[in-house]
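Per the UniProt record's numbering, the very first residue in the sequence shown carries number 1; after that it's consecutive.
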Amino acid sequence: MTPSRSGLRAAGASFVVLFTAEWGDLSQLLTAGLVASGKPAIPVFFGSWAALAVVSGLAVLLGRWLLRRVRLSLVRYVAAGVCAVLCVITVIGAVTG
């Protein structure tokens, strides 16, 4: 695979992951709320689209930078640890109210 094709695949994967993660997120609710409160829909759309594009671009660039400096296995272990900590915090919060 050529470098330009792999770059396009990385950008596409980042877009899909971020689009899925943002679905139902507070930013989406804020966008709907802005339009519902009477703000013009077209500028709100372009503003939210631009924000998603910037975040996606940062994810691609920072992801490449991180993978050049850190082993992928370490990134996976750290991510698993963060998820485990968040799980414990959520369970404690649910049990204690």
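Beta carbons: idealized from backbone N, C-alpha and C, even for Gly.
Since residue i is in the alpha helix (DSSP H), which residue starts that stretch and which ends it?
i	result
glycine 97	No alpha helix (DSSP H) holds glycine 97; DSSP gives it neither H nor E.
proline 40	Proline 40 -> no alpha helix (DSSP H), and no H or E assigned at all.
Under a three-way DSSP split, which group does residue i fall into?
i	result
tryptophan 49	helix
tryptophan 23	coil
valine 70	coil
Does the segment 11-19 come close enough to the segment 55-62 to have 3 or more Cβ pairs within less than 8 Å? Three or more Cβ pairs closer than 8 Å define a contact, and the segment 11-19 meets that threshold against the segment 55-62.
Does the structure place the segment 18-31 close enough to the segment 39-51 that three or more beta carbon pairs sit under 8 Å? yes
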